[in-house]
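Take 33 as the starting number for the sequence shown in my numbering and just add one per residue. Working notes, structure below.
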Amino acid sequence: MKTYLASTVAIAALALGLSSASAQVAPDPDAKQGGSITITYKDDVATLDPAIGYDWQNWSMIKSLFDGLMDYEPGTTNLVPDLAESYDISEDGQTFTFKLRQGVKFHNGREMTAEDVKYSIDRVVNPVTQSPGQGFFASIKGYDEAAEGKAEGVSGITVVDSHTIKFELTRPDATFLHVMAINFSHVVPKEEVEKYGPDFGKNPVGTGAFKLGEWALGQRVVFEKNADYWNKGLPHLDTITFEIGQEPIVALLRLQKGEIDIPGDGIPPAKFQEVMNDPEQKARVVEGGQLHTGYLTMNVNIPPFDNVKVRQAVNMAINKERIVQLINNRAVPANQPLPPSMPGYAKDYQGYAYDAEKAKALLAEAGVADGIETDLYVMNTDPNPRIAQGIQQDLAAIGIKANIQALAQANVIAAGGEKEGAPMIWSGGMAWIADFPDPSNFYGPILGCGGAVPGGWNWSWYCNAELDKMAEKADSIVDPAKAEERNKMWSDVYVKIMEDAPWAPIFNEQRFTMKSTRMGGADNLYVDPVHIPVNYDHVYVNDVQ
C-alpha cells in the first residue's frame with residue numbers, strides 16, 4: 033500500500049499560487065487496438081448518472097462514460113488537467129480559473145462548453161437532485177443558498193466565456209482540485225438530463241471514451257467505443273460487456289475456462305485458498321492496497337442508537353479478529369475511520385477493545401439491560417452475509433438481537449440514505465474507499481453534516497457542527513510546511529468521532545481480483561488498485577481516462 037502525504041500536488045499548487053498547463057496522459061503505444069472484454073457482476077447497476085452513482089460497481093463504469101476538469105495519471109495520485117486544458121490559482125488560493133479544451137463533444141455530437149460545467153455542478157448541489165456528492169462543493173461561494181434551495185445555481189461559479197470557467201471559494205481548500213476529478217464533477221449535457229429526467233442514469237450521455245450501447249436490465253450493459261473521443265488514440269477496445277446476475281463462484285469458474293475476463297465481484301472467499309495455492313491461478317491474481325475501512329453504522333436518529341452508550345457497547349461487542357478470519361485474513365482489524373496508511377491516522381489511539389462484559393454494563397447504564405431487537409442491513413453478495421452473521425452472533429452475546437436484512441446493493445444504499453431507513457448497516461461491498469488520498473474524504477461524505485442528507489452516504493446520520501468547523505479549519509490549511517499540523521487536526525476529529533461512536537470500524541481490507549488467460553499481460557486491461565478513486569477492484573480499461 034502506498035503511503036500518501038497530505039502535501040499533494042493540490043496543496044502545493046494552492047500554496048504557491050501555481051498555474052498548470054495540460055499534462056494529458058498519452059495512450060500506451062504497446063496496447064493492442066480493438067477487441068472486447070467481458071466483466072461480470074452479481075447485481076445490476078443502480079445508475080450511471082455521475083451526480084447519483086456512488087458505489088464501487090458504478091464508479092469506474094461512470095468514469096468510462098464521462099470526464100471532469102481534472103483526472104489522475106494512471107497508477108498515481110498525480111493530478112492532471114482533463115477536460116481542462118490548463119488552470120490558474122490565485123495567490124490567496126480562493127479563485128480557480130480553468131481553460132477548457134476546444135472541440136470536446138458529448139456523445140450526442142454537441143460541443144461541450146463552460147455552461148455545461150456550471151450546469152453539472154449546480155445540478156449536484158441542487159437539493160432536488162439528492163446527490164450524495166453535494167457536500168464536496170461546500171467551499172464554493174453561494175453553496176449554502178443553493179444547497180438549501182434558496183438560489184438557482186452556485187453564485188461562486190462564473191462562466192467567463194464559452195471555454196473558461198471560474199470558481200470563487202469562501203476559503204482556501206486543500207482538496208478542491210481533487211474534487212474536480214471525482215465523478216460528481218463530471219460534465220453532463222443539460223438537454224439530455226431534461227429529456228430523460230430521473231431516467232438519465234439509465235440513458236447516460238457524456239464526453240467519455242465509451243458510450244452506452246445497450247442496457248438490458250438484469251442481463252447486461254454494453255459500452256461501445258466513442259469514435260469522437262477528444263483524447264485521440266483512446267480507447268483501445270471496441271466494446272466492454274458487463275454481464276449481470278453472475279454468482280461470484282460461477283464467475284470464477286467461467287474465468288478459469290476463459291469465458292470471461294474479469295470477475296467484477298472479486299475472488300469468492302470460499303475459493304480464495306484454492307486459488308492462492310494453485311501457482312497457475314495465483315499468477316493471474318492482481319493484489320492491491322486500498323485506502324479502505326469496512327464499518328458498521330448505527331443510525332443516531334433511531335432508538336436505542338440515539339444513546340451514545342449503546343453505540344459504544346456495540347463497538348466493544350464485536351470480535352474483529354474473528355471477523356477478519358472469515359475473509360481469509362485479507363484485512364487487519366480497524367479501530368478508527370481512517371485506514372493506517374492515510375495521513376491523519378491517530379497512531380496512538382487504541383479504540384474500543386473487544387470486551388463483552390463491559391458492553392453489557394454499558395447497555396445496563398443505557399437502560400436497555402433487558403435486550404434490544406433491531407435490523408442489520410447487508411449487501412447480499414458473499415462474504416457480506418457471513419460477516420453480518422458474525423456480527424449478529426457477537427451482538428447476541430450482549431443482548432442485542434439483530435435481524436439480518438440481506439438485500440441487493442442498491443437497496444441497502446437506498447435504505448441508508450433515508451433518515452429513518454436502516455438502524456444498522458454493515459458497509460461491506462460498499463465500504464468506504466478513498467475518492468482521493470486525503471483524510472477529509474473519510475469525513476465529509478460519510479460522517480459530516482453534509483453527508484447526512486436524503487440519498488447521502490452518512491448512513492449513521494451523525495452530524496456534529498463543532499466537528500464540521502474543525503474539518504473546515506483543517507482543510508483551509510494549504511501550506512505544505514503545515515502538513516503535520518493539518519494531519520493532527522484530522523486525527524483529533526476522528527478521535528472525537530469515536531467518542532460519539534456512530535460507527536464500529538471493523539477492518540481495513542486488501543483487495544484481490546483476477547484476469548483471464550486470454551487477455552495476456554496487460555495488453556487490453558489496466559487494473560489499478562492504487563488509481564483514484566481507490567474503489568475495490570475498479571477496472572480502468574485501456575487507460576480510457
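Beta carbons are placed, not taken as given, at the ideal position from N, Cα and C, and that holds for glycine. Since the structure is predicted, the reported quantities are computational estimates derived from the model, not experimental observations.
Element boundaries [alpha helix (DSSP H), containing Asp437]: The residue given as residue 437 occupies position 405 in the sequence shown. According to the sequence displayed, residue 437 carries Gln and not Asp. Unbroken run through Gln437 is the beta strand (DSSP E), Ile432 to Leu439; no alpha helix (DSSP H).
Once DSSP output is grouped into helix, strand and coil, what is the label at Ser54? The residue you call residue 54 lines up with position 22 of the sequence shown. The predicted position of Ser54 is uncertain, since its pLDDT is 46 and thus under 50; no value can be drawn from it.
Which first and last residues belong to the beta strand (DSSP E) in which Gly422 is found? Sequence index remark: in the sequence shown, residue 422 carries index 390 (1-based). Looking at the DSSP string, Gly422 is not in any beta strand (DSSP E); the run it does join, the alpha helix (DSSP H), is Asn416 to Ala428.
Using the C-alpha atoms, what's the distance from Asn215 back to Leu115? The sequence position of residue 115 within the sequence shown is 83, counting from 1. The sequence position of residue 215 within the sequence shown is 183, counting from 1. Taking the CA atoms as reference points, Leu115 sits about 13 Å from Asn215.
Please list the terminal residues of the continuous alpha helix (DSSP H) segment that includes Glu143. Within the sequence shown, the letter at position 111 stands for residue 143. Segment: none, Glu143 is in no alpha helix (DSSP H) and carries neither H nor E.
Verify whether the separation of the beta carbon atoms of Ala420 and Leu408 is less than 8 Å. If you number the sequence shown from 1, residue 420 lands on position 388. If you number the sequence shown from 1, residue 408 lands on position 376. The Cβ-Cβ distance between Ala420 and Leu408 falls below 8 Å.
On the three-state DSSP scale, how would you describe Asp524? Mapped onto the sequence shown, residue 524 falls at position 492. Note: Asp524 maps to helix in three-state DSSP.
Go to Asn263, then tell me how far its alpha helix (DSSP H) extends in each direction, as first and last residue. Within the sequence shown, the letter at position 231 stands for residue 263. Per DSSP, Asn263 lies in no alpha helix (DSSP H) segment and is marked neither H nor E.
Around the Cβ of Val211, are there at least 16 other Cβ atoms within 10 angstroms (buried) or fewer (exposed)? On the sequence shown, position 179 is the one that residue 211 refers to. By the 10 Å Cβ count, Val211 comes out buried.
Where Gly49 falls: helix, strand or coil (DSSP): For this step, residue 49 is matched to residue 17 along the sequence shown. Only weak support exists for where Gly49 lies, its pLDDT of 39 falling under 50; the value from the coordinates is given anyway. Coil at Gly49, not helix or strand.
Spatial neighbours of Pro311 within its chain, please: C-beta separation below 8 Å, excluding the five flanking residues on both sides. Mapped onto the sequence shown, residue 311 falls at position 279. Excluding its 5 nearest sequence neighbours in each direction, Pro311 has no C-beta neighbour in its own chain below 8 Å.
For Glu353, the nearest candidate out of Ile94, Pro537 and Leu97 (CA to CA): Along the sequence shown, one-based indexing puts residue 353 at 321. When only C-alpha atoms are compared, the closest one is Pro537.
Taking the CB atoms as reference points, tell me whether Ser118 and Lys131 lie closer together than 8 Å. Here residue 118 is taken as the residue at index 86 of the sequence shown, counted from 1. Here residue 131 is taken as the residue at index 99 of the sequence shown, counted from 1. Yes.
Would you tell me roughly how many angstroms separate the C-alpha atoms of Ile465 and Leu323, rounded to the nearest one? On the sequence shown, position 433 is the one that residue 465 refers to. On the sequence shown, position 291 is the one that residue 323 refers to. It is roughly 5 Å from the alpha-carbon of Ile465 to the alpha-carbon of Leu323.
Between the alpha carbons of Ile276 and Leu249, how many angstroms are there, rounded? On the sequence shown, residue 276 is found 244 positions in, with the first residue counted as 1. On the sequence shown, residue 249 is found 217 positions in, with the first residue counted as 1. Using only the alpha carbons, I get a separation of about 8 Å.
Between which two residues does the alpha helix (DSSP H) harbouring Trp88 extend? Looking up residue 88 in the sequence shown gives position 56. For Trp88, the enclosing alpha helix (DSSP H) has its first and last residue at Trp88 to Leu97.
Less than 8 Å between the CB atoms is what I'm expecting for His268 and Gln134, so what's the real figure, rounded? The residue labelled residue 268 in the question sits at position 236 within the sequence shown. The residue labelled residue 134 in the question sits at position 102 within the sequence shown. At roughly 24 Å, the Cβ-Cβ gap does not stay under 8 Å, so His268 and Gln134 are not in contact.
Tell me whether Arg343 sits in a helix, a strand or coil according to DSSP, three-state version. Looking up residue 343 in the sequence shown gives position 311. Arg343 carries a helical assignment under DSSP once its states are collapsed to helix, strand and coil.
Since Gly403 sits in a beta bridge, which residues does DSSP pair it with? As a first step, residue 403 is located in the sequence shown; it is residue number 371 there, counting from the start. In DSSP, Gly403 forms no bridge with anything.
State the beta-bridge partners of Lys131 as determined by DSSP. Reading the sequence shown from its first residue, position 99 is the one you call residue 131. For Lys131, the beta-bridge partners assigned by DSSP are Ser118 and Thr196.
Rounded to a whole number of angstroms, what is the C-alpha to C-alpha distance between Met308 and Asn540? Position 276 of the sequence shown, counting from 1, holds the residue named residue 308. Position 508 of the sequence shown, counting from 1, holds the residue named residue 540. The straight-line gap separating the alpha-carbon atoms of Met308 and Asn540 is approximately 20 Å.
Coarse secondary structure for Met456, derived from DSSP in three states: Within the sequence shown, residue 456 is the residue found at index 424, counting from 1. In the structure shown, Met456 adopts extended strand secondary structure according to DSSP, grouped into three states.
Paired residues, beta bridge with Pro336 - DSSP: As a first step, residue 336 is located in the sequence shown; it is residue number 304 there, counting from the start. According to DSSP, residue pairing for Pro336 in a beta bridge does not occur.
If you pair each beta-carbon of the region 183-198 with each one of the region 138-157, do three or more pairs fall below 8 Å? A contact between stretches requires three or more CB pairs, one per stretch, nearer than 8 Å, and the region 183-198 meets this requirement with the region 138-157.
Please identify the residue among Leu499, Ala440, Ile334 and Lys198 whose C-alpha is closest to the C-alpha of Leu101. Against the sequence shown, residue 101 aligns to sequence position 69. Considering only Leu499, Ala440, Ile334 and Lys198, the residue with the shortest C-alpha distance to Leu101 is Lys198.
Within this structure, are the beta carbons of Lys74 and Asp297 separated by less than 8 Å? Residue 74 sits at position 42 when you count from the first residue of the sequence shown. Residue 297 sits at position 265 when you count from the first residue of the sequence shown. The answer is yes: Cβ separation under 8 Å.
Could you tell me whether the region 73-87 touches the region 220-238, using the rule of 3 or more Cβ pairs below 8 Å? Because the criterion of three Cβ pairs below 8 Å is met, the region 73-87 and the region 220-238 touch.
Can you tell me which of Thr413, Pro477 and Leu499 puts its alpha carbon nearest to the alpha carbon of Gln89? Your numbering for residue 89 matches position 57 in the sequence shown. Check the Cα spacing between Gln89 and each of Thr413, Pro477 and Leu499: the tightest is with Thr413.
Anticipated Cβ contact below 8 Å, Thr406 with Ala428, distance rounded: In the sequence shown, residue 406 corresponds to position 374, counting from 1. In the sequence shown, residue 428 corresponds to position 396, counting from 1. Between Thr406 and Ala428 the beta-carbon gap is near 11 Å, outside 8 Å, which marks them as no contact.
Taking only three categories from DSSP, how would you classify Ala536? For the purposes of this step, residue 536 is identified with residue 504 of the sequence shown, where counting begins at 1. When secondary structure is reduced to three states using DSSP, Ala536 falls in the strand class.
Rounded separation between Asp402 and Lys390 - CA only: Locating residue 402 in the sequence shown gives position 370, where the first residue counts as 1. Locating residue 390 in the sequence shown gives position 358, where the first residue counts as 1. If I take the Cα positions, the gap works out to 15 Å.
Once DSSP output is grouped into helix, strand and coil, what is the label at Phe255? As a position in the sequence shown, residue 255 is number 223, starting the count at 1. DSSP, reduced to helix, strand and coil, places Phe255 within a strand of the structure shown.
Can you tell me whether Ala315 is buried or exposed, with buried defined as 16 or more other CB within 10 angstroms of its CB? Walking along the sequence shown from the start, residue 315 turns up at place 283. Result: exposed.
Going by the DSSP bridge assignment, what does Glu279 pair with across the sheet? As a working mapping, residue 279 is identified with position 247 in the sequence shown. Beta-bridge annotation (DSSP): Glu279 is not paired with any residue.
Bounding residues of the beta strand (DSSP E) (the contiguous stretch that carries Ala363): The residue labelled residue 363 in the question sits at position 331 within the sequence shown. Counting along the chain, the beta strand (DSSP E) containing Ala363 begins and ends at Ala363 to Pro365.
Secondary structure at Tyr409, three-state DSSP: helix, strand or coil? Position 377 of the sequence shown, counting from 1, holds the residue named residue 409. Three-state result, Tyr409: strand.
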